[in-house]
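Colleague: Before I ask anything, here is the structure I am working with.
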Amino acid sequence: AKGDGRATYRFYETGMGDAVRDRRMLEHDLRHAVADEQLMLVYQPQEGVQHGSVVGFEALLRWTHPTRGAISPAIFIPIAEETGAILEIGTWVMRTACAEAATWKQPLTIAVNVSAVQIYHDDFVPMVHQILLETGLPPARLELEITETALIRDLNRALTALRRVKALGVRIAMDDFGTGYSSLSNLRAFPFDKIKIDGSFIKSVNSNGQAATIVRAVVGLGRGLGLPVLAEGVETEAELQFLHDEKCDEVQGYLLGRPAPIENFTHVTEGLPLP
Ligand code: C2E
Ligand code: CA
Ligand code: CA
Ligand code: CA
């Protein structure tokens, strides 16, 4: 028994050493990701439920590591937030997404994910303003996606930043609604323009009565507050039908389109007939 314990301990220690080394390596390599052009954006369509046409795209970040290949943003964004690399990366995302959207013939919305670290940084609002001027993108076409968790660290500071960015004419969506803390008071306190229901609720609307009840309630909440509601992670026709029947405003998910290079959506951005 004693021997087993030691063996387990040794195994564990090696495992942790690897994880730490791994993380250090990613931390280090992330610092060069922007300069070495290892980042790219993919775009996922957002559609109006009743008319079924694309109203905008969400920009999603992709990192191709020189030796390890594609690394998920769910892994590298938290690391970039801890090291501060997210400031440079977030600025690159904002500039690239706005420059791209400014070239579209159709006046579609571009939704950009923004992390808490960026919002609390003094340069955030001037950065957004500068990029809007530089790219000529009309501010009303830019929507910032922000999670509630991003706001709770310092509510007053976050509120000040969001008010200033809204004064530029930019819109703000509450991302991942339903998964954070005190959603209802945040909805009232912050100047949101849209609610995005987290995909985890959509996944079970057709099999789980509670998920359906929650989605229905959020759509009602949006209507009461005058905020459009977008459902994320829509994967099946049955889910889409449910959201249509409940009069959810917008949908996004693999059923409507997977995140892909913008070239895949030229017919939409250029307003051409379907291929
Ligand atoms: P998010 O903002 O909630 O983005 C939605 C995620 O769900 C994306 O994952 C998207 O690819 C995925 N998704 C879309 N439709 C479906 C579907 O029908 N089913 C399922 N299962 N998933 C779907 P992705 O691209 O891996 O991004 C993960 C997270 O990383 C994002 O979650 C966001 O929090 C963060 N992220 C991505 N790009 C950026 C960025 O440019 N800046 C910041 N700060 N965060 C980003
Ligand atoms: Ca998002
Ligand atoms: Ca989300
Ligand atoms: Ca999320």
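Quick note: the sequence shown uses UniProt numbering, first residue 513, plus one each step.
By construction, the Cβ of each residue, glycine as well, lies at the ideal position given by its N, Cα and C atoms.
Model, not experiment: these values are computed from the prediction.
(1) Distance, Cα to Cα, residue 479 vs D705?
(2) Could you check if S697 belongs to the surroundings of ligand 1, using beta carbon to heavy atom distance under 7 Å?
(3) Kindly indicate the opening and closing residues of the alpha helix (DSSP H) around residue 489.
(4) Please give the ranges of any alpha helix (DSSP H) in the segment 655 to 714, keeping only runs that are unbroken, at least 4 residues long and fully inside the region.
(5) So for T647, helix, strand or coil by DSSP?
(6) For the segment 562 to 625, which segments carrying the alpha helix (DSSP H) assignment without a break, of at least 4 residues, lie completely within its bounds, in sequence order?
(7) Who does V763 pair with in a DSSP beta bridge?
(8) Please indicate yes or no: does the CB of D688 lie closer than 7 Å to some heavy atom of ligand 3?
(9) With three or more beta-carbon pairs closer than 8 Å as the criterion, would you say the segment 540 to 550 touches the segment 575 to 582?
(10) Using the C-alpha atoms, what's the distance from V561 back to L696?
(11) What did DSSP end up calling L553 once you bin it into helix, strand or coil?
(12) Just confirm the distance between the C-beta atoms of V637 and L656, as a whole number of angstroms; I'd bet it's less than 8 Å.
(13) At a cut-off of 7 Å, would you count Q558 as near ligand 1, judging by its Cβ distance to the nearest heavy atom?
(14) Does ligand 2 have even one heavy atom less than 7 Å from the beta-carbon of E570?
(15) Go to R653, then tell me how far its alpha helix (DSSP H) extends in each direction, as first and last residue.
(16) Taking the alpha carbon of A611 as the reference point, which residue from N718, P650, D635 and G564 has its own alpha carbon closest?
Modeller: Taking the definition as stated:
(1) No answer is possible for residue 479: the residues shown for the chain start at 513 and end at 787.
(2) S697: no, Cβ never under 7 Å from ligand 1.
(3) The chain is shown from 513 up to 787; residue 489 falls before or after that span and cannot be answered.
(4) DSSP runs (the alpha helix (DSSP H)) wholly in the segment 655 to 714: 660 to 663, 667 to 679, 695 to 701 and 711 to 714.
(5) It is helical.
(6) Complete alpha helix (DSSP H) runs here, min 4: 585 to 595 and 597 to 614.
(7) V763 is bridged to E559 and A743.
(8) It does: the Cβ of D688 is within 7 Å (strictly closer) of some heavy atom of ligand 3.
(9) Yes, the segment 540 to 550 touches the segment 575 to 582.
(10) Cα to Cα, the separation comes out at about 25 Å.
(11) Here L553 sits in strand by DSSP.
(12) V637 to L656, Cβ: 11 Å. No contact.
(13) Checking every heavy atom of ligand 1 against the Cβ of Q558, none is found closer than 7 Å.
(14) Checking every heavy atom of ligand 2 against the Cβ of E570, one is found closer than 7 Å.
(15) Here R653 belongs to no alpha helix (DSSP H), and DSSP marks it neither H nor E.
(16) Comparing Cα-Cα distances from A611 to each of N718, P650, D635 and G564, the minimum goes to P650.
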